[in-house]
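Step one of this worksheet: look at the structure below.
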Amino acid sequence: MFQFRKSTLQDMDQIVRIAEEGRALLKSRGISQWQTGSYPDRPLFEQDVQEGIGYVVCEEGRVAAICALQITPEEDYRHLTEGRWLTGEGTFYAAVHRAAVAPECQGRHVTTFLFDSAAKTAKGMGAASLRADTHPDNIPMQKSLERAGFKKCGQFVISEGDEAGGIRLAYERLL
3 MFQFRKSTLQ DMDQIVRIAE EGRALLKSRG ISQWQTGSYP DRPLFEQDVQ
53 EGIGYVVCEE GRVAAICALQ ITPEEDYRHL TEGRWLTGEG TFYAAVHRAA
103 VAPECQGRHV TTFLFDSAAK TAKGMGAASL RADTHPDNIP MQKSLERAGF
153 KKCGQFVISE GDEAGGIRLA YERLL
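Each residue of the sequence shown is one higher than the one before, counting from 3 in this note's numbering.
Put into structure tokens, the structure is as follows:
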């Protein structure tokens, strides 16, 4: 039985392990996402805990998946270079970032549970939709988003950070 809850500092070793294994998996598949700089790293996950936006999916006391559920507007989401969002400008939305599943839990629909739980949490906060993005070559994540009810809305260019200039596909799920 899976449980979705806010992450804690006690989860940090498991969170970092899952992120590092996710980075290695992306690299093995030739996907440049999470391959430049240190993003995402322990200080960022600790900041997620402090800001109350870090979440984990747990199973029998162990972390099976991780994500951040952000409710502040994402600047890059304001400027889709192709397509348009399902909801209009000024709509209150939440966004899922840094989602990853432990390798031993992959193939068990943990990601669908994570996205469904994030959607329920976001709706409880008053959000009209849940947004997410992924690398154009990250086909497994694209399929996971679509399985969880997200619609592909277009794409944008990352404006800041280690992956500035990179293209991301934009997804949205109405709540």
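For each residue, glycine too, the CB sits at the ideal point set by N, CA and C.
Distance from the CA atom of R133 to the CA atom of A26, rounded to whole angstroms, is 25 Å. Non-local beta-carbon contacts of I33 in its own chain, meaning distances under 6 Å to residues more than five positions away in sequence, involve H137, D139, N140 in chain order. Where S131 is concerned, the enclosing beta strand (DSSP E) starts and stops at 131-136. In the structure shown, Y173 adopts extended strand secondary structure according to DSSP, grouped into three states. Take the alpha-carbon of M3 and the one of Q49: they are about 28 Å apart. In the structure shown, R19 falls within a helical segment according to DSSP collapsed to helix, strand and coil. In terms of Cβ geometry, S131 and L177 form a close pair [threshold 8 Å]. Within the same chain, L71, A96, L132, L177 come within 7 Å of A124 by CB-CB distance, once the 5 residues on both sides are set aside.
Between the C-alpha atoms of F47 and V18 there is a straight-line separation of about 8 Å. Straight-line measurement puts the Cα of T113 at about 20 Å from the Cα of T10. Ranking G156, D15, I160, K145 by CA distance to the CA of V65 puts D15 first. Distance check between E62 and each of A102, K145, Y41, F6 places F6 closest, using alpha-carbon atoms only.
Counting every other CB atom within 10 Å of its CB across the protein chains shown gives A166 a total below 16, marking it as exposed.
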